């Protein structure tokens with residue numbers, strides 16, 4: 003009798019090329035958003051406007067993302083997925099090109115608004131697209147790879163854009179962004195698989211998604227965590243000034259970016275077996291960093307170490323929170339992820355207001371303690387949401 007031989011199925015390889023195309027889309031989203039920050043003097047001179055008016059290019063972009071993401075996501079649910087992805091990329095090509103060529107401030111603001119619309123739709127699409135490409139037990143790793151463009155853009159986008167602007171001019175810099183989107187269009191067509199739209203009977207209304215158990219707790223953690231993070235990130239220059247690092251902000255942000263990349267790598271290892279614990283440990287670590295910065299924030303070495311640990315704890319935040327949100331929402335994942343875009347960008351906008359009030363009334367020394375409160379709220383919500391939202395155990399075992 004011939005003995006039977008059992009062969010274990012080899013794990014499927016991640017579609018790296020396709021996932022990196024999604025990462026490139028995220029990179030373009032972030033760089034397009036932040037590029038004016040490093041080019042304000044050049045844009046101001048080129049359009050003959052004040053620096054504050056030039057700064058509204060960032061505001062217009064953010065408004066486009068927040069206002070359009072939910073209706074655009076719902077409107078395109080009946081489209082094939084790659085067509086929606088290509089629509090967002092073509093949007094960047096068109097509106098970055100208009101920004102590069104426009105000599106009229108009003109036209110430039112409209113172009114920035116619609117570039118933000120493209121970004122909002124992209125952010126609602128990327129996580130679900132990455133999860134769809136792989137088996138359920140690989141979704142966390144796939145999402146981590148698809149999100150890797152974000153910390154790279156955050157750490158390198160503004161300094162690289164500033165350097166390019168000084169070298170070739172701000173208009174050419176936006177033109178380079180358009181050229182990158184042309185490359186991305188070909189990349190998507192060659193590497194990214196297409197998928198049919200979600201069947202009509204499976205599409206959930208916005209109200210149904212919002213009332214799905216677990217969705218609101220995850221969104222609440224998104225707001226509290228991102229609000230705390232962006233208070234420090236937005237006002238990092240005045241915060242490090244008491245430590246004598248006002249001329250080394252670029253280096254501080256580079257340390258943050260490198261640590262955030264390490265955080266993404268670490269999250270890719272932990273998101274499948276330990277999503278809940280990783281969220282709680284990340285929040286607790288950030289809270290501890292805030293306390294240390296509150297007590298020793300005038301010591302340069304403490305700033306660098308604290309920023310590194312902060313980046314490590316934050317790098318995987320997008321992966322962790324979007325995975326938890328999509329898991330909780332089920333068939334309503336696309337709509338839930340559009341709500342995530344609104345929550346995330348609202349926290350960014352809110353951090354500017356809250357941080358500004360704290361700075362004017364109590365100075366930068368108040369930042370860490372306000373952040374501890376916000377992170378503590380996020381930790382408490384995540385801890386409480388163990389049944390729905392942030393469930394214990396391995397994802398595949400649920």
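Numbering (the numbering used here), first residue to last: 3 to 400. The C-beta atom is built at its ideal place from N, Cα and C for all residues, glycine as well. Just so we're clear, the structure is a prediction, and the values are computed from it rather than from any experiment.
CA nearest to the CA of residue 222, picked from 30, 14, 266 and 377: For the purposes of this step, residue 222 is taken as residue 220 along the chain shown, with counting starting at 1. Among 30, 14, 266 and 377, the Cα nearest to that of residue 222 is on 377.
Per-residue burial, residue 380 [other beta carbons within 10 Å of its own, 16 or more giving buried]: Taking the first residue of the chain shown as position 1, residue 380 is located at position 378. When all chains shown are included, residue 380 counts as buried.
Rank 259, 358 and 219 by C-alpha distance to the C-alpha of residue 307 and give the top, closest one. Position 305 of the chain shown, counting from 1, holds the residue named residue 307. Checked all of 259, 358 and 219; the closest Cα to residue 307 is 259.
Own chain partners of residue 234 with C-beta closer than 7 Å, once the 5 adjacent residues on each side are dropped: Here residue 234 is taken as the residue at index 232 of the chain shown, counted from 1. By the criterion of a C-beta distance shorter than 7 Å, residue 234 is surrounded in its chain by 241, 369 and 373, once the five residues flanking it on both sides are discounted.
Could you give the first and the last residue of the continuous alpha helix (DSSP H) run that contains residue 219? By 1-based counting over the chain shown, the position of residue 219 is 217. Looking at the DSSP string, the run of the alpha helix (DSSP H) that includes residue 219 is 217-236.
Presumed contact (8 Å Cβ cut-off) between residue 167 and residue 365, rounded CB distance: Residue 167 sits at position 165 when you count from the first residue of the chain shown. Residue 365 sits at position 363 when you count from the first residue of the chain shown. So it is not a contact: roughly 32 Å between Cβ atoms.
Could you give the DSSP three-state label for residue 105: helix, strand or coil? As a working mapping, residue 105 is identified with position 103 in the chain shown. The answer is coil: DSSP assigns residue 105 none of H, G, I, E or B.
Could you give the DSSP three-state label for residue 184: helix, strand or coil? Position 182 of the chain shown, counted from the start, is the residue given in the question as residue 184. Residue 184 falls in the helix class under three-state DSSP.
Take residue 229 as the anchor and find which of 257, 81 and 285 has the nearest alpha-carbon. Position 227 of the chain shown, counted from the start, is the residue given in the question as residue 229. In terms of Cα proximity to residue 229, the closest of 257, 81 and 285 is 285.
Just to confirm the assignment, what range does the alpha helix (DSSP H) spanning residue 367 have? Within the chain shown, numbered from 1, the residue matching residue 367 stands at position 365. Run containing residue 367: none; DSSP gives neither H nor E here.
Using a beta-carbon distance below 7 Å, is residue 285 in contact with chain C? The structure shown contains no chain C; it holds only a single protein chain.
Residues of its chain near residue 19, where Cβ-Cβ distance is below 7 Å and the 5 sequence neighbours each way are ignored: For the purposes of this step, residue 19 is taken as the residue at position 17 of the chain shown. The answer, listed in chain order, is 193.
Compare the C-alpha of residue 88 against each of 127, 320, 239 and 151 and name the closest. Here residue 88 is taken as the residue at index 86 of the chain shown, counted from 1. Cα-wise, what sits closest to residue 88 is 127.
Going straight from the alpha carbon of residue 154 to that of residue 323, what length do you get? Indexing the chain shown from 1 puts residue 154 at position 152. Indexing the chain shown from 1 puts residue 323 at position 321. Cα-Cα distance, rounded: 19 Å.
Buried or exposed: residue 302, going by 16 or more other Cβ atoms within 10 Å of its Cβ? Working through the chain shown from its first residue, we reach residue 302 at position 300. Residue 302 counts as exposed, since fewer than 16 other beta carbons sit within 10 angstroms of its beta carbon.
Within 7 Å, strictly: CB atoms of residue 176 and residue 102: Taking the first residue of the chain shown as position 1, residue 176 is located at position 174. Taking the first residue of the chain shown as position 1, residue 102 is located at position 100. Against a cut-off of 7 Å, the Cβ pair of residue 102 and residue 176 comes out as a contact.
Beta-carbon proximity list for residue 292, same chain, < 6 Å, skipping 5 on both sides: Within the chain shown, the letter at position 290 stands for residue 292. Closer than 6 Å at Cβ, skipping near neighbours: 370, 373 and 374.
Are at least three pairs of beta-carbons, each pair with one atom in the region 93-101 and one in the region 315-322, less than 8 Å apart? no
Just how far apart, CA to CA, sit residue 276 and residue 395? Taking the first residue of the chain shown as position 1, residue 276 is located at position 274. Taking the first residue of the chain shown as position 1, residue 395 is located at position 393. Distance between the alpha carbons of residue 276 and residue 395: 6 Å.
From residue 92 to residue 183, what does the alpha carbon distance come to, in whole angstroms? On the chain shown, position 90 is the one that residue 92 refers to. On the chain shown, position 181 is the one that residue 183 refers to. When rounded, the distance between both Cα atoms is 7 Å.
Comparing the CB of residue 93 with every heavy atom of the ligand PLP, is any distance shorter than 6 Å? This structure does not include the ligand PLP; it has no bound ligands of any sort.
Please report how far the alpha carbon of residue 188 lies from the alpha carbon of residue 181, in whole angstroms. Numbered from 1 along the chain shown, position 186 holds the residue referred to as residue 188. Numbered from 1 along the chain shown, position 179 holds the residue referred to as residue 181. So the alpha carbons of these two residues sit roughly 11 Å apart.
Check residue 333 in the structure and name its three-state DSSP category. Position 331 of the chain shown, counted from the first residue, corresponds to residue 333. Here residue 333 sits in helix by DSSP.
Where residue 137 falls: helix, strand or coil (DSSP): Your numbering for residue 137 matches position 135 in the chain shown. It is coil, neither helix nor strand.
My output table needs one value for residue 150: the three-state DSSP class, helix, strand or coil. By one-based count along the chain shown, residue 150 stands at place 148. In the structure shown, residue 150 sits in coil (DSSP, three-state: anything other than H, G, I, E or B).
In chain order, what residues of the same chain have a beta carbon less than 6 Å from the beta carbon of residue 335, not counting five sequence neighbours either side? Locating residue 335 in the chain shown gives position 333, counting from the first residue. Here the set comprises 130 and 328.
Just to confirm my understanding: we take residue 9, look at its own chain, exclude 5 residues before and 5 after, and list those with CB closer than 6 Å. What are they? As a working note, residue 9 is residue 7 in the chain shown. At residue 9, the pLDDT of 44 sits below 50, so the modelled position is not reliable; the number obtained from the coordinates is stated separately. Hits under 6 Å: none found.
Local conformation of residue 51 per DSSP, three classes: Sequence index remark: in the chain shown, residue 51 carries index 49 (1-based). In this structure, residue 51 counts as coil in the three-state DSSP scheme.
Hey, residue 200 and residue 84: beta-carbon distance below 7 Å or not? As a first step, residue 200 must be located in the chain shown, where it is residue number 198. As a first step, residue 84 must be located in the chain shown, where it is residue number 82. Cβ atoms of residue 200 and residue 84: not closer than 7 Å.
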